[in-house]
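Trainee: Order-wise, the sequence lines are chains A and B.
Note that my numbering has the first sequence beginning at 32, numbered continuously upward.
Note that my numbering has the second sequence beginning at 32, numbered continuously upward.
There are 2 protein chains.
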Amino acid sequence: MDARPRAARPASPLEERVFVGLQRSADLLLQGVERLLKSQGLSPAQYNVLRILRGAGPGGLSCREIGQRMVTRDPDMTRLLDRMEQRGVVTRARQKADRRVVTTRVTSGGLEFLKRLDQPVRDLHRRQLRHMPAARLKTLARLLGEVRAAPE
Amino acid sequence: MDARPRAARPASPLEERVFVGLQRSADLLLQGVERLLKSQGLSPAQYNVLRILRGAGPGGLSCREIGQRMVTRDPDMTRLLDRMEQRGVVTRARQKADRRVVTTRVTSGGLEFLKRLDQPVRDLHRRQLRHMPAARLKTLARLLGEVRAAPE
DNA sequence: TGCCAATAATCGTTATAACGCTTATTCTTG
DNA sequence: CAAGAATAAGCGTTATAACGATTATTGGCA
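1) To the nearest whole angstrom, what separates the beta carbons of B/Arg-167 and A/Glu-46, a pair I think is in contact under 8 Å?
2) Among A/Leu-142, A/Val-49, A/Gly-63, which residue has its Cα nearest to the Cα of B/Arg-173?
3) Pull up the DSSP beta-bridge partners for B/Ala-42, would you.
4) Do you know how far the Cα of B/Arg-104 is from the Cα of A/Asp-149?
5) Please identify, using Cβ separations under 7 Å, the residues of the region 162-173 of chain B that lie next to chain A, in order along the chain.
6) Between B/Gly-119 and the rest of its own chain, which residues show a CB-CB distance below 8 Å, the 5 nearest in sequence each way excluded?
7) At a CB-CB cut-off below 8 Å, which residues of chain A make contact with B/Leu-53?
8) Given a limit of 7 Å on CB to CB distance, which residues of the region 144-157 of chain A reach chain B?
9) Could you please tell me which residues of the region 90-123 of chain B, in chain order, have their CB closer than 8 Å to any CB of chain A?
10) Could you give the C-beta distance for B/Leu-175 and A/Ser-56, rounded to a whole number, given that I count them as a contact under 8 Å?
11) Name the chain A residues that come within less than 9 Å of B/Ala-181, Cβ to Cβ?
12) For a contact defined as C-beta to C-beta under 7 Å, what are the partners of A/Leu-14 on chain B?
13) For B/Pro-75, collect the residues of the same chain with a Cβ closer than 7 Å to its Cβ; drop the 5 residues on either side in sequence, then sort them by chain order.
14) Could you pull the DSSP bridge partners for A/Leu-92 from this structure?
15) List, in order along the chain, the chain A residues whose C-beta lies closer than 8 Å to that of B/Arg-142?
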């Protein structure tokens, strides 16, 4: 039995509330970012790859490494990078030592792109979360980390 | 100034940490749900629609209403419902009063589907979050609500 | 009443995501 | 050192997402 319903709808399990809340919140914030990136013809995944490559420096990264660092997994790195190569924001070169791996690097054009986007993206995030005090954001960031710290 | 770098990487802005943490956590949990639903040939969006329609009762809902209640927005309700109608989990009928709107209802087959999935989904969510005590989950759920309570 | 804006849904098209399979190369080990 | 497992990336194909434009219907109002 569900006890007396305090609200119209019976409360869903706590874990489900967290799951749905996560999906909704992530989607809400992503919408804004998508709009911003679309003005430059970039998808969130492409933007993410560019930032990863910038962080990796001139040595570049293999497909696998990029995939591992991405915020959301992408099951087809090859064609994601194909499109980015066509736009001239990355280059690819097969490694001499291990000819299985292809090293991808961000081009100067790609870095320009990122530079133009850095401030607008920061501003957007600040606007999206300006109604929450820093202390709560810190708590939230910590709890989100705990979610992903699941064993196994 | 950034003070002394306590870790190798300089800390990113708090808002960005929250944004990325949200995307990563949402994606991580969604992966599990996708795997589970795929065993029944359902996408998360389709599952979401079924649950919305079950909650709405026998009166059904219009496309717009379904779209508004979805966890993540879907820009093409028509074809999402097309596919579900073909699978026999929903029916559609144009309203007499206002012939612009199409009412969608879940079929008994669709309800069966849901019934079989209810417990596995609950179990999955519990497993995904079992490493976090209830008090933290409550705090997290509350903070996630606050994120979406942004003015305008 | 007749015209126009607003609303609901649909559709044509292109791009991207997703799935599994294949190829190329390297590592392992008997 | 040869055969087979393991690893990295790529590809063929199908399904879905995304974007705009379009149709059908209704409500507002001069």
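From the three backbone atoms N, C-alpha and C, an ideal C-beta is built for every residue, glycine too.
Mentor: According to the structure shown:
1) At roughly 12 Å, the Cβ-Cβ gap does not stay under 8 Å, so B/Arg-167 and A/Glu-46 are not in contact.
2) A/Val-49
3) According to DSSP, which records beta bridges pairwise, B/Ala-42 is partnered with nothing at all.
4) 26 Å
5) His-162, Met-163, Ala-165, Arg-167, Leu-168, Lys-169, Thr-170, Leu-171, Ala-172
6) Thr-138, Gly-140, Gly-141
7) Leu-53, Ser-56, Ala-57, Leu-60, Leu-175
8) Arg-153, His-156, Arg-157
9) Val-102, Thr-103, Arg-104
10) 5 Å
11) Leu-59, Arg-158, Gln-159, Leu-160, Arg-161, His-162, Met-163
12) Outside the modelled stretch of chain A, which goes from 32 to 183, sits residue 14 of chain A, for which no answer is possible.
13) Leu-61, Val-64, Glu-65, Leu-68
14) A/Thr-135
15) For the sequence presented, residue 142 of chain B should be read as Leu rather than Arg. What B/Leu-142 touches in chain A: nothing, since even the nearest Cβ is about 18 Å away.
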